[in-house]
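According to this note's numbering, the sequence shown is numbered sequentially starting from 17.
Written out below as structure tokens is the structure these notes cover.
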Amino acid sequence: MKRTYMKKRITGIALCILLAAGLAACGTPKNESGSKAEKQDGGDKSEMSGSDGEIVLEFPSWQATEPGFQEFWEEATAEFEKRHDGVKINLYQVPFDSYVDTLTTLYAAGTAPQITHIPSRYFAQFSDMGWFEPLNERLEKTEILDNWSSLQDGLQADGEYYGVLLLGNGYSMYYNKAMFEEAKLDIPTDINSFMEAAKALTRDEDGDGDPETYGFGACQVTDTNFYNEATSFIVGMGGKWSENRDLAPMTSEETVEALKLYQSLFQNNYTPVGLSVEQKRQYFVEGKMAMIFDGPWVASLIDSAAEDVKPNLLVAAIPFENIPGSVSNSLHIPAAISDEEKELVWDFIQMVAEDDFQKLYMEKVGSPSPSKRAIDEEILAENPFLGQFVEDAEKAQEILPSGYEKNYGEFTQYIIDGVMTMVTEPYADVEETLEAMKTKITDELK
17 MKRTYMKKRI TGIALCILLA AGLAACGTPK NESGSKAEKQ DGGDKSEMSG SDGEIVLEFP
77 SWQATEPGFQ EFWEEATAEF EKRHDGVKIN LYQVPFDSYV DTLTTLYAAG TAPQITHIPS
137 RYFAQFSDMG WFEPLNERLE KTEILDNWSS LQDGLQADGE YYGVLLLGNG YSMYYNKAMF
197 EEAKLDIPTD INSFMEAAKA LTRDEDGDGD PETYGFGACQ VTDTNFYNEA TSFIVGMGGK
257 WSENRDLAPM TSEETVEALK LYQSLFQNNY TPVGLSVEQK RQYFVEGKMA MIFDGPWVAS
317 LIDSAAEDVK PNLLVAAIPF ENIPGSVSNS LHIPAAISDE EKELVWDFIQ MVAEDDFQKL
377 YMEKVGSPSP SKRAIDEEIL AENPFLGQFV EDAEKAQEIL PSGYEKNYGE FTQYIIDGVM
437 TMVTEPYADV EETLEAMKTK ITDELK
């Protein structure tokens, strides 16, 4: 039977478009001081202005209320408004779980937010619809490309840039130094020492099958975090899901071995089961796990750890031959908005790319800037984790499925469904499951 995933998604989006059309007719409730532009195809200034004549730029984000990110975006919007008299930015929160569907609805309804902020793994899907403004001519007049991370190239289509990267990261290994010292273990630097530590640091003191501490922490919920984590093992150990839409790597020796190792963490009870990524991170910060693999954003959570735990939570490179990573988030200009709005949004993007704002980003968020020029000794001294994050980001190998970027949502759902059977009792055979996954994707993702 064909999957119903896309049918359900399209039906849901269609219903949301009807709702968005109704809301557009009634005005935008997000900003009581003004209304959203009714037309985005070159309408006059009055159509994108508030009731008092101010120009209002809509800016939804899943980060608008997230600690660290919230402070950065609020300072950025305040400075932009200070530099542009008569212009206001309406920054507001949209939950991450519904963020992409919300943006898709707004774009399809002709009401795209002027400042478009996306999780960059969805870039290909949006750019393929022709929704983003090409930026090559604008970028050529700046020094952004000269100073930016090579992961910026992931925002290209047919040789044209359609966005500016805000964060590209490698995944790192967070570890609890006290647990390793107590067990007299060195920090893992390869697969064997990693598995030895995962085993030795899983402690079931009363023998009830429910360890008091775990050697590793994995997430096991059917969302993109599960895909990211499983794929980090695969890319880290030299495998991949696809190469230019060729699925042969999916059943390669490297991919099989990586998934068998990942499966063994669950089979041997080295990790709790059924955790969301948020629960996994919380367990680690509470000192209940010896190791997790995650991105630089976990550093801000460590700041909230108990005083007796916090000094022991450190970071090192993932102990595999490759460092997995990906583009994270980026800013874009909608192609359909007015020329005046495009220039204002481009001014905002250029401002955020300035050295001072990139340093502020690292200060507030604790993640590496894509700007090589903004990273200096002073910044590294203030954030002891940042040096590792920068090193991992420079070495990062992409975890997105090569050739299937435009089908990211559907492709990753097949992966999530298949891998979940491998790490859930009765633990499906890895090789047989991969063969079945490859056949299904070949048949259904034409």
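Ideal Cβ positions, reconstructed from N, Cα and C, are used throughout, including at glycine.
By DSSP's assignment, residue 192 forms a beta bridge with 329.
Under the three-state reduction of DSSP, residue 72 is assigned to strand. Separation of the CB atoms of residue 371 and residue 389 is rounded to 6 Å, and the pair is thereby assigned contact status at 8 Å. Using a Cβ distance threshold of 9 Å, residue 349 and residue 107 do not count as a contacting pair.
Residue environment analysis places residue 323 among the exposed positions, since fewer than 16 neighbouring C-beta atoms fall within 10 angstroms of its C-beta. Here the alpha carbon of residue 334 sits roughly 22 Å from the alpha carbon of residue 431. In terms of Cα proximity to residue 84, the closest of 317, 394, 397, 347 is 317. Residue 310 counts as buried, since at least 16 other C-beta atoms from the protein chains shown sit within 10 angstroms of its C-beta. For the 9 Å CB-CB criterion, residue 129 and residue 210 do not form a contact.
Counting along the chain, residue 403 sits inside no beta strand (DSSP E); it lies in the alpha helix (DSSP H) bounded by residues 402-411. Of all C-beta pairs linking the stretch 246-254 to the stretch 195-202, fewer than three are shorter than 8 Å, placing the two stretches out of contact.
Sixteen is the threshold: since fewer than 16 other Cβ atoms of the shown chains lie within 10 Å of the Cβ of residue 283, the residue is exposed.
Given a length threshold of 3 residues, the stretch 356-401 has no whole run of the beta strand (DSSP E) inside it.
Across the set 143, 320, 403, the C-alpha of 403 shows the shortest separation from the C-alpha of residue 188. Assigned with DSSP and collapsed to three states, residue 305 falls in strand. For residue 449, the uninterrupted alpha helix (DSSP H) run begins and ends at 446-460, by DSSP. Distance from the CA atom of residue 97 to the CA atom of residue 359, rounded to whole angstroms, is 14 Å. Secondary structure at residue 270: helix, using DSSP grouped into helix, strand and coil. The beta carbon of residue 216 sits closer than 8 Å to those of 199, 201, 231, all from its chain and outside the five residues before and after it, given in chain order.
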